[in-house]
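Residue numbers (our numbering): 1 to 454. Glycine included, each C-beta is placed from N, C-alpha and C at the ideal position. Have a look at the structure below, then the notes.
Okay, structure coming up:
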């Protein structure tokens, strides 16, 4: 290397991934490698000079004056220490985030004396991948710790000699009973921690057999004496911890307090039955709530919100498969007059009457809803406008010819109907409804009690 030409040394530097600059004794940049140039070009637009000839120490000091960043202050101090021969090497990890991404670097400032002249080599190495991995691992560990401490069951980590390494909060509460738990140290087991004076041997935890056999033991019942002197039954499970070579080095033990099951098995069965009953009641309640969310309370048919949700899907299917789809809108004629003359109870019965007559003559694939007030709407998949108009006329006549039930004197109502089909370009549900509404408006303007096709 000593006898190689300068181009060889530059080529070696350019092949490295670190961003490298060489400083003279005053901190001026006298040479950089290609990664340094690229980084400067990408971040500062200085590809031509890449700060060569600039005083790197002065650059850092100006940056600190502007930002007050303590990391930059540490870099400046490190540069001085190396350039003043007070240190041979300084290593600093620091973040260098950009608007586009989070980045971290390791800065190494190394003293380098060449031919009696003092030099410093500054190398910035991108450690973003490592830092992200470390942060991800730290987050995962924190998540695991949070889960462990919030679990409702006791979880213990025990070494091969039966010594407790860690016990979560639930486990300590189980063993303490009503007495505050005072850990006695890593040599203690939970029985000692609870202060009951009766140490619980590792064999009682299944630890010895799990270590010896290397096989987990699940749901074994043990009895303990708690710190307050009470006795509990625990459902105990133990799983071996292994080294990469397979040797068991400890055990994870899970304790679940099942004392209540021993004390009141019958009560538990009753509670389970009650829980099942409540669950069924909840499911039924949820089903009723779902139905109520889709149903008009007065007429028992679908409400406008559910109609629009189903109708949009049907309209999209019809458009995709190039199939006809029609909408019929009904409006009860002179509905305000019915309310004013006979009262709102009769008006409500008139709406229920229209809903029954129309609903009894529709297919299972049709979607029928109360659209609002005295307006009703029907979605007819795979039906052209002419067929929809024929149905509307049949329903209109049947409504007009059928008296409202439960009235002292015969009372009939009439409806007006508007019909529209999903004819291109008006194929969306909203467009078809708008055209049907226009047809309905025309029917009412023409004298009511009639059906008009758009």
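Could you give the first and the last residue of the continuous alpha helix (DSSP H) run that contains residue i?
{"i": "residue 307", "result": "304–320"}
{"i": "residue 60", "result": "56–67"}
{"i": "residue 342", "result": "335–342"}
{"i": "residue 441", "result": "429–445"}
{"i": "residue 78", "result": "70–83"}
{"i": "residue 471", "result": "No answer is possible for residue 471: it lies beyond the span of the chain, which begins at 1 and ends at 454."}
{"i": "residue 135", "result": "128–150"}
{"i": "residue 170", "result": "169–176"}
{"i": "residue 261", "result": "259–263"}
Out of the options, which has the shortest C-alpha to C-alpha gap to residue i?
{"i": "residue 78", "options": "27, 100, 41 and 128", "result": "27"}
{"i": "residue 335", "options": "351, 321 and 327", "result": "351"}
{"i": "residue 306", "options": "379, 418 and 96", "result": "379"}
{"i": "residue 153", "options": "270, 171 and 121", "result": "171"}
{"i": "residue 29", "options": "57, 18, 7 and 35", "result": "57"}
{"i": "residue 323", "options": "381, 348 and 279", "result": "381"}
{"i": "residue 237", "options": "246, 244, 84 and 215", "result": "215"}
{"i": "residue 111", "options": "240, 87 and 39", "result": "87"}
{"i": "residue 411", "options": "423, 353, 145 and 384", "result": "353"}
{"i": "residue 219", "options": "227, 226 and 239", "result": "239"}
{"i": "residue 388", "options": "400, 422, 16 and 116", "result": "422"}
{"i": "residue 23", "options": "296, 338 and 59", "result": "59"}
{"i": "residue 393", "options": "383, 384 and 419", "result": "419"}
{"i": "residue 385", "options": "11, 435 and 294", "result": "435"}
{"i": "residue 498", "options": "37, 131, 413 and 95", "result": "What is shown of the chain runs 1 to 454, which leaves residue 498 out entirely."}
{"i": "residue 131", "options": "7, 64 and 97", "result": "97"}
{"i": "residue 115", "options": "242, 64, 25 and 12", "result": "25"}
{"i": "residue 402", "options": "8, 100, 349 and 99", "result": "349"}
{"i": "residue 85", "options": "101, 62 and 117", "result": "117"}
{"i": "residue 35", "options": "451, 328, 169 and 124", "result": "124"}
{"i": "residue 72", "options": "289, 100, 105 and 245", "result": "105"}
{"i": "residue 355", "options": "295, 99, 6 and 17", "result": "295"}
{"i": "residue 93", "options": "346, 38 and 109", "result": "109"}
{"i": "residue 91", "options": "120, 67 and 314", "result": "120"}
{"i": "residue 148", "options": "37, 319, 62 and 255", "result": "255"}
{"i": "residue 309", "options": "343, 367 and 321", "result": "367"}
{"i": "residue 145", "options": "101, 451 and 168", "result": "168"}
{"i": "residue 241", "options": "292, 320, 207 and 17", "result": "207"}
{"i": "residue 101", "options": "446, 407, 126 and 70", "result": "126"}
{"i": "residue 17", "options": "280, 5 and 38", "result": "38"}
{"i": "residue 363", "options": "391, 344 and 340", "result": "391"}
Quick check on the DSSP output: the beta strand (DSSP E) that includes residue i runs from which residue to which?
{"i": "residue 225", "result": "217–225"}
{"i": "residue 326", "result": "325–332"}
{"i": "residue 93", "result": "89–95"}
{"i": "residue 208", "result": "Not the beta strand (DSSP E): residue 208 falls in the alpha helix (DSSP H), residues 207–213."}
{"i": "residue 19", "result": "19–23"}
{"i": "residue 106", "result": "104–114"}
{"i": "residue 240", "result": "231–242"}
{"i": "residue 154", "result": "154–159"}
{"i": "residue 417", "result": "415–421"}
{"i": "residue 52", "result": "First-last for residue 52: undefined, no H or E at that position."}
{"i": "residue 370", "result": "367–372"}
{"i": "residue 451", "result": "451–453"}
{"i": "residue 30", "result": "29–32"}
Since residue i contacts residue j with CB under 8 Å, what's their CB separation in whole angstroms?
{"i": "residue 454", "j": "residue 439", "result": "4 Å"}
{"i": "residue 14", "j": "residue 43", "result": "The pair is not a contact, with the Cβ atoms about 18 Å apart (cut-off 8 Å)."}
{"i": "residue 369", "j": "residue 433", "result": "Actually they do not touch by this definition, with Cβ atoms about 11 Å apart."}
{"i": "residue 416", "j": "residue 448", "result": "5 Å"}
{"i": "residue 103", "j": "residue 128", "result": "5 Å"}
{"i": "residue 75", "j": "residue 107", "result": "6 Å"}
{"i": "residue 227", "j": "residue 175", "result": "7 Å"}
{"i": "residue 383", "j": "residue 326", "result": "5 Å"}
{"i": "residue 21", "j": "residue 31", "result": "7 Å"}
Is the Cβ of residue i closer than 8 Å to any Cβ of chain D?
{"i": "residue 290", "result": "Checking the listed chains, one finds no chain D in this structure; it contains a single protein chain."}
If we require 4 or more residues per run, which alpha helix (DSSP H) segments fall completely within the stretch 375–405? 385–401
So, does the stretch 52–66 touch the stretch 138–150, judging by three or more C-beta pairs under 8 Å? no
Can you find at least 3 beta carbon pairs, one from the stretch 327–342 and one from the stretch 373–381, that sit closer than 8 Å? With a cut-off of 8 Å on Cβ pairs, the stretch 327–342 is in contact with the stretch 373–381, counting three or more such pairs.
Count Cβ pairs between the stretch 258–275 and the stretch 228–246 that sit closer than 8 Å; are there 3 or more? yes
Under 8 Å: do the stretch 283–300 and the stretch 351–360 share three or more Cβ pairs, one atom per stretch? yes
So, do the stretch 240–256 and the stretch 208–226 have three or more beta carbon pairs nearer to each other than 8 Å? yes
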